[in-house]
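S.K.: By my numbering, the letter at position 68 of the sequence shown is numbered 417, and the numbering carries on one by one without gaps. Idealized CB from N, CA, C, for every residue including glycine. If you're wondering where the values come from, they're calculated on a predicted model, not measured in any experiment. My questions all concern the structure below.
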Amino acid sequence: MSDNRAENLFFEADQLIDENRIVEAKEMLLELLSEFPDYGRAHNHLGWLYNIKFNNYPKAKKHLELAIKFAKDYHAAYSNYAYLLIDMNLNDEMITFGKNVINSTTVDKSTIYNKMAQAYELKQDLMNAYKHYKLAIKETLNNKTLDAIYASSNRVKRKMSLMQRLKLINQ
């Protein structure tokens, strides 16, 4: 089979997702992967479907990890994996993942910092959460995302003790 066939199947599956024909898209991605098991972008889309549409975290995690393995330059896989780790409440794993990939030119740094901040917040490490929300703010260019991160940053400040808020002044 040729690379063109893989690309064509991938494009068709992507179109099916856009048309909200989810089951058909999943079947097409599975067909693609049966012929091209190392086609990382297909693993990404399948992982996203399993997470968002089917709520099957183990399958989502498996496919997103394969997406990162086989398509190291495909930025969506990193973001989708970060979202999944938070959805799965794997906060320590998210922090480790973020530290490992944040300096890659492939990743959306704003998303990774934001998800790391959420992981720290869920672990009640409010100072690190605040620090990472601030890093996410510096990296985003999207106004909606910026507003959401500011809201998260303010939420964390409200959760902080007076002493923690005073420490922020000195930073």
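Distance check for A497 and V505, CA to CA, integer angstroms please.
M.R.: Counted from its first residue, the sequence shown places residue 505 at position 156. Counted from its first residue, the sequence shown places residue 497 at position 148. Whole-angstrom Cα-Cα distance: 12 Å.
S.K.: Quick check on the burial criterion: 16 or more other C-beta atoms within 10 angstroms. Buried or exposed for Y479?
M.R.: Here residue 479 corresponds to residue number 130 of the sequence shown, with the count starting at 1. By the 10 Å Cβ count, Y479 comes out buried.
S.K.: Any idea if T454 is buried or exposed, counting beta-carbon neighbours within 10 angstroms, 16 or more meaning buried?
M.R.: Taking the first residue of the sequence shown as 1, we reach residue 454 at position 105. Looking at its Cβ environment, which holds fewer than 16 other Cβ atoms inside 10 Å, T454 is exposed.
S.K.: Is it true that the CB of Y430 sits closer than 8 Å to the CB of F446?
M.R.: As a working note, residue 446 is residue 97 in the sequence shown. As a working note, residue 430 is residue 81 in the sequence shown. Result yes, Cβ atoms of F446 and Y430 sit closer than 8 Å.
S.K.: Are the CB atoms of K410 and L395 within a distance shorter than 8 Å?
M.R.: Start at 1 with the first residue of the sequence shown, and residue 395 comes out as number 46. Start at 1 with the first residue of the sequence shown, and residue 410 comes out as number 61. Not in contact: L395 and K410 (Cβ atoms no closer than 8 Å).
S.K.: Is the beta carbon of Q513 less than 8 Å from the beta carbon of L475?
M.R.: Mapped onto the sequence shown, residue 513 falls at position 164. Mapped onto the sequence shown, residue 475 falls at position 126. Yes, the pair counts as a contact, with Cβ atoms nearer than the cut-off.
S.K.: Does I451 come out as helix, strand or coil in the three-state DSSP assignment?
M.R.: On the sequence shown, residue 451 is found 102 positions in, with the first residue counted as 1. Coil at I451, not helix or strand.
S.K.: Which of the three DSSP states, helix, strand or coil, is assigned to F419?
M.R.: Taking the sequence shown and counting its residues from 1, the one referred to as residue 419 is at position 70. Here F419 sits in helix by DSSP.
S.K.: Going by Cα to Cα distance, which pick from E356, V372 and Y427 is closest to F385?
M.R.: Here residue 385 corresponds to residue number 36 of the sequence shown, with the count starting at 1. It is E356.
S.K.: Please confirm whether F360 and Y388 have their CB atoms less than 8 Å apart.
M.R.: What you label residue 360 is simply residue 11 of the sequence shown in a count that begins at 1. What you label residue 388 is simply residue 39 of the sequence shown in a count that begins at 1. No, they are not a contact pair.
S.K.: Buried or exposed: which applies to S510, given that a residue is buried once 16 or more other Cβ atoms fall within 10 Å of its Cβ?
M.R.: In the sequence shown, the residue the question calls residue 510 occupies position 161. Exposed: under 16 other Cβ atoms inside 10 Å.
S.K.: Express the C-alpha separation of D436 and K448 in angstroms, rounding to a whole number.
M.R.: Within the sequence shown, numbered from 1, the residue matching residue 448 stands at position 99. Within the sequence shown, numbered from 1, the residue matching residue 436 stands at position 87. The straight-line gap from Cα to Cα measures roughly 18 Å.
S.K.: The alpha helix (DSSP H) that contains T460, what's its start and end?
M.R.: Counting from one through the sequence shown, the residue named residue 460 turns up at place 111. Note, T460: alpha helix (DSSP H), K458 to L471.
S.K.: Counting along the chain, where does the alpha helix (DSSP H) carrying E380 start and finish?
M.R.: Taking the first residue of the sequence shown as position 1, residue 380 is located at position 31. Segment I371 to E384, the alpha helix (DSSP H) holding E380.
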